[in-house]
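Contents: one structure, followed by commentary.
Protein chains in written order, with the numbering used here: chain A, 21 to 136; chain B, 10 to 356; chain C, -14 to 150.
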């Protein structure tokens, strides 16, 4: 698959560019650190505790929902590609798939998974 | 030269052109944005460095290189350093499969400014824009700062929610073009402007435009950086070029979604006027149309920023899940039904 | 060796080495990081096999979704990100022997099997996948939606409040 090689090259160049800029900035900039400067920024007040506390599981739920609907979207793409050769049959096949997931979507809505 | 070496050379030149153009676009955009915003707010903006302040981005760049680097002692060192690199690398990677302007004849071959013309183009972009979340999550977590972490989490939840709507809005375009390749989708829009996808797939366009604005966290969806609540969000602790890299990634993402908008919905390099000549004195006019469209929509993003207030976070999430995604999904099924009823579009 | 062979070795090495880092890293966060490169390496191998749709979905779902979920899990769980993880080294000898045995069996199987080759430049696969999904494997396609539905309900159950229990 030669058409993919440029993507790999671009990825390598992009990573190299980022590392190069960081390194250059590290060499050029002159750090004058002191204890206050290196402490965590909390609007000028002395920092209290660590940031890594317990967090709402809501964020985790959004991530899970994202993966599930992502998989669903990945099923839509090949279907869209061959849809025009399938006609009514393709419509019914995807309609069933869609309805099942619509049920799931409505369920998430009803239990409040999409409320903040 | 062997064919492989020639291909590699062409690829390399293309990468240099695209990356150079994106970085140049990023610097110019910072200046244009500050100037335009200033005029919208009845002030002058940066106007001291060079004529009209045009050299401001260069001055900023030099300044940022000389700035001292600050890393909080509580931070997780390698993750903190990796985050800006990851952010800019994923942003650049997403630009690989987008065509910039029409194919043209030069050096005895047909060229196009597109790094990789792959069959699964749109799916690749969908996948890689999802990677943008890494820079945000890693930066937010590594700094061990409460604002950063909160900003990073908010940001990633927002990107997840709108990414889905973004991916869904493309399904009808694929259906109509029978292809993932962005070039094919652009070519279905040749001819008059009533063939543009913005006309045919208007609901998809609305969904894409809103989701893309949210995906790149521009006002009114710039919650990740809601400075009145969480300082600067996930990059609160970043300074010097590390900050600049994160900023660069954001602007590159913005340019990417704008170029996609022009290509997918506004006919790309097609003028939209039937009978318009393809080129003028050997210069392909497609570049002009394409450039105008991209420039206009970049300006629209600035314009929005000068006009609109910011969403509240709960409104933002509910809008994504309860409005955009259902609208996108229902539109896909509606379009498919219409497609079958009408008996397929023009070949 | 052709250019494709070199690319294969790069991806294979990246996959295996980063996979080893996932296992041996002391910090969960570095394990998760290394898993990123493992997934990328696997995506690269898919591309080399001509499975372009599979490679893109690998990026989309594993790198863009599941790994972020893992990172969230590591980052947001209270006080587990800096746990020093080290599985105790018990029964090193027998373990090595079993591992070597399994390796020999696999390597032997890989060497003596006659692998079918297509013998042509692989064609884009997405159309074919769509055709098969909506034709021969329609049942699996519809079953996938039911599976996703179950997962959706499960996700909602995990995060429900105590009072609903």
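Glycine is no exception: its CB is placed at the ideal position from the N, C-alpha and C atoms.
Everything numeric in this text was worked out from a predicted model, so none of it was measured.
Quick one: Cα of residue i to Cα of residue j, how far?
| i | j | result |
| --- | --- | --- |
| residue 24 of chain B | residue 124 of chain B | 6 Å |
| residue 197 of chain B | residue 99 of chain A | 19 Å |
| residue 61 of chain C | residue 12 of chain C | 15 Å |
| residue 267 of chain B | residue 280 of chain B | 17 Å |
| residue 109 of chain B | residue 53 of chain A | 45 Å |
| residue 135 of chain C | residue 92 of chain A | 13 Å |
| residue 356 of chain B | residue 187 of chain B | Note that residue 356 of chain B has pLDDT 43, beneath the 50 cutoff, so the model's placement of it is unreliable and no number is given. |
| residue 101 of chain C | residue 5 of chain C | 30 Å |
| residue 40 of chain B | residue 72 of chain B | 15 Å |
| residue 27 of chain B | residue 30 of chain A | 10 Å |
| residue 318 of chain B | residue 219 of chain B | 15 Å |
| residue -12 of chain C | residue 106 of chain A | 40 Å |
| residue 82 of chain B | residue 60 of chain A | 8 Å |
| residue 85 of chain B | residue 95 of chain B | 15 Å |
| residue 27 of chain C | residue 0 of chain C | 6 Å |
| residue 58 of chain B | residue 97 of chain B | 27 Å |
| residue 150 of chain C | residue 67 of chain B | Note that residue 150 of chain C scores 45 on pLDDT, short of 50, meaning its location in the model is unreliable and no value can be drawn from it. |
| residue 75 of chain B | residue 253 of chain B | 12 Å |
Which one or two residues does DSSP pair with residue i in a beta bridge?
| i | result |
| --- | --- |
| residue 337 of chain B | Per DSSP, none; premise fails for residue 337 of chain B. |
| residue 95 of chain A | Partner(s): none; residue 95 of chain A has no beta bridge. |
| residue 114 of chain B | B/119 |
| residue 288 of chain B | B/293 |
May I ask you to report which of helix, strand or coil DSSP gives residue i?
| i | result |
| --- | --- |
| residue 7 of chain B | Nothing can be reported for residue 7 of chain B, as the shown portion of chain B is limited to 10 through 356. |
| residue 37 of chain A | helix |
| residue 163 of chain B | helix |
| residue 85 of chain B | coil |
| residue 323 of chain B | helix |
| residue 153 of chain B | coil |
| residue 51 of chain B | coil |
| residue 150 of chain C | Its pLDDT being 45, under 50, residue 150 of chain C is placed unreliably by the model, and the measurement read from it follows with that caveat. Residue 150 of chain C: coil per DSSP, three-state reduction. |
| residue 175 of chain B | helix |
| residue 65 of chain B | helix |
| residue 4 of chain A | Lying outside 21 to 136, the shown extent of chain A, residue 4 of chain A is not represented and no answer is given. |
| residue 43 of chain B | helix |
| residue 128 of chain A | helix |
| residue 60 of chain A | coil |
| residue 188 of chain B | coil |
| residue 43 of chain C | helix |
| residue 76 of chain A | coil |
| residue 204 of chain B | helix |
| residue 256 of chain B | helix |
Would the beta-carbon of residue i fall within 8 Å of that of residue j?
| i | j | result |
| --- | --- | --- |
| residue 261 of chain B | residue 148 of chain B | no |
| residue 18 of chain C | residue 48 of chain C | no |
| residue 178 of chain B | residue 337 of chain B | yes |
| residue 246 of chain B | residue 92 of chain B | no |
| residue 234 of chain B | residue 241 of chain B | yes |
| residue 104 of chain B | residue 31 of chain B | yes |
| residue 225 of chain B | residue 257 of chain B | no |
| residue -4 of chain C | residue 110 of chain C | no |
| residue 25 of chain A | residue 140 of chain C | no |
| residue 143 of chain B | residue 239 of chain B | no |
| residue 130 of chain C | residue 121 of chain A | yes |
| residue 79 of chain B | residue 58 of chain A | yes |
| residue 30 of chain C | residue 52 of chain C | no |
| residue 140 of chain B | residue 189 of chain B | no |
| residue 90 of chain A | residue 50 of chain C | yes |
| residue 112 of chain C | residue 101 of chain A | yes |
| residue 328 of chain B | residue 302 of chain B | no |
| residue 32 of chain A | residue 101 of chain B | no |
Assuming residue i contacts residue j (C-beta within less than 8 Å), just tell me the rounded distance between them.
| i | j | result |
| --- | --- | --- |
| residue 330 of chain B | residue 134 of chain A | 4 Å |
| residue 136 of chain A | residue 323 of chain B | 4 Å |
| residue 83 of chain A | residue 54 of chain C | 5 Å |
| residue 184 of chain B | residue 213 of chain B | Not quite, the Cβ-Cβ distance comes to about 10 Å (not below 8 Å), so this is no contact. |
| residue 221 of chain B | residue 175 of chain B | 6 Å |
| residue 341 of chain B | residue 277 of chain B | About 22 Å; that fails the 8 Å criterion. |
| residue 127 of chain A | residue 137 of chain C | 7 Å |
| residue 45 of chain A | residue 36 of chain B | In fact, because the Cβ distance is near 16 Å, the residues do not count as touching under 8 Å. |
| residue 146 of chain B | residue 56 of chain C | 6 Å |
| residue 158 of chain B | residue 150 of chain B | 6 Å |
| residue 363 of chain B | residue 111 of chain B | Residue coverage of chain B in this structure runs from 10 to 356, which leaves residue 363 of chain B outside it and unanswerable. |
Notebook entry, point to check: Listed in chain order, which residues of the segment 60 to 83 of chain B have Cβ atoms closer than 9 Å to some Cβ of chain F?
Noted result: Chain labels in this structure do not include chain F; the protein chains are A, B and C.
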